[in-house]
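Take a look at the structure set out below.
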Amino acid sequence: MQRAPNENAASKSWRNVTLLKDPMSRQLGKDWILQQMYHNTDRMFASHGFPAIASMQSIYEVDVQTEHVGDSDCMYYHAKRQMESPPPDAIMRYMYRNKLCSIIMADGDIPITYPTIREVTRSTALHQLTTSKGEWFNVLVGEFNSPTRCVIVAQQIEDDEVYRMVGTRQRNRMMWYDFQRMPSGRWMYRSLYINSQTFVQDGSYAPLDVEAQDIGVDHNPLNAATFRQLIRTRIRYLYDMSSDVFRHIYMDLLVSQDPLAGIDR
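Numbers given in the numbering used here equal positions in the sequence shown, counted from 1, plus 4.
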């Protein structure tokens, strides 16, 4: 049996993807997961080839890589962006905490028009949904703020004693969003998405034809390179579309009668 991968995470411990039922243990688990991701923010960006943020250099890359685990290969999808940005205002921070599933188009082209938050605190949220293709989305989001920096991190919770998996598959999923104010007063933004191929409840990987259907491409088993290119093109399309979704949600909140209702300033 090939176990589900934990690609280049801050730690490969089960603690990074597990939440217990006991309320105190559950909160400690959330704090552990989010703090581990936060404290490894700079290391993750550096290890994935980002230029120094102080360089003000812009990048936008989507890649598909394969990691050999056990007797089979697992695909990983990396999306990387760095660019100048407006400062992360209250609406933007609210959106990352509360609208994450909509922003990242968790169900592909199907809009997320319903609430996905199951648990929430002032700076964390646990989002859940089952996609139209049966993928289980159980993602913990946390926010870390200072006057010159805002970091949002998110991690798929693969083993949850309160909410058992609803659906046939899930994937290891990690996200970092980082806003930093430069000495000049301008702000830079960088983001890193790492998603694995889906796996079923026993930890073995879903077949590539299922993976292709999940993502929305044709699977050509005779040409792995072409298949990876199709995946790369599709993910870039979704990534571009997610930027449009972000802008639309932001503008809707901005022009609403009370845009900061329920939003921490």
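Glycine included, every Cβ here is placed at the ideal spot set by N, Cα and C.
Residues sharing a beta bridge with residue i, DSSP
| i | result |
| --- | --- |
| residue 165 | Note: residue 165 sits in no beta bridge, so no partner. |
| residue 194 | 86, 182 |
| residue 23 | 164 |
| residue 80 | 69, 200 |
Exposure of residue i, with buried meaning 16 or more beta-carbon neighbours within 10 Å
| i | result |
| --- | --- |
| residue 38 | buried |
| residue 245 | exposed |
| residue 71 | exposed |
| residue 117 | exposed |
| residue 239 | buried |
| residue 5 | Unreliable positioning characterises residue 5 in this predicted model, as indicated by a pLDDT of 33, which lies under 50. A coordinate reading is not provided. |
Unbroken alpha helix (DSSP H) run spanning residue i, endpoints
| i | result |
| --- | --- |
| residue 158 | Careful: residue 158 lies outside any alpha helix (DSSP H), inside the beta strand (DSSP E) at 153-160. |
| residue 51 | 45-51 |
| residue 175 | Taken as a continuous stretch (DSSP letters only), residue 175 belongs to no alpha helix (DSSP H), as it is neither H nor E. |
| residue 57 | Here residue 57 belongs to no alpha helix (DSSP H), and DSSP marks it neither H nor E. |
| residue 246 | 228-259 |
| residue 215 | 212-219 |
| residue 121 | Run containing residue 121: none in the alpha helix (DSSP H); it sits in the beta strand (DSSP E), 121-124. |
Start-to-end residues for the beta strand (DSSP E) that takes in residue i
| i | result |
| --- | --- |
| residue 129 | 128-134 |
| residue 188 | It is not in any beta strand (DSSP E) - residue 188 carries neither H nor E in the DSSP assignment. |
Residue from the options whose Cα sits closest to the Cα of residue i
| i | options | result |
| --- | --- | --- |
| residue 210 | 24, 59, 138 | 138 |
| residue 259 | 49, 95, 76, 152 | 95 |
| residue 98 | 166, 77, 58, 156 | 156 |
| residue 63 | 69, 84, 196, 47 | 84 |
| residue 54 | 35, 82, 248, 29 | 82 |
| residue 31 | 239, 172, 198, 166 | 166 |
| residue 113 | 136, 177, 91, 124 | 136 |
Is it true that the region 210-226 meets the region 184-200, where meeting means three or more beta-carbon pairs spaced less than 8 Å apart?
-> With the cut-off at 8 Å, the region 210-226 and the region 184-200 do not touch.
Segment contact, 8 Å Cβ cut-off, at least three pairs: the region 102-113 with the region 141-149 | Enough Cβ pairs lie closer than 8 Å, so yes.
Stretch pair the region 18-36 + the region 161-181: three plus CB contacts closer than 8 Å | Taking one beta carbon from each stretch, the region 18-36 and the region 161-181 have 3 or more pairs nearer than 8 Å; the two touch.
Could you say if the region 226-238 and the region 249-257 meet the contact criterion of at least three C-beta pairs nearer than 8 Å?
-> Taking a contact to require three or more Cβ pairs closer than 8 Å, the region 226-238 and the region 249-257 do not qualify as touching.
Kindly confirm or deny that the region 124-136 and the region 176-186 touch, where touching means at least three C-beta pairs closer than 8 Å.
-> Two segments are said to touch when three or more pairs of C-beta atoms, one from each, lie closer than 8 Å; by this definition the region 124-136 does not touch the region 176-186.
Three-pair Cβ contact test at 8 Å for the region 41-49 versus the region 201-210 = Taking a cut-off of 8 Å for Cβ pairs, the region 41-49 and the region 201-210 do not touch, as fewer than three such pairs fall below it.
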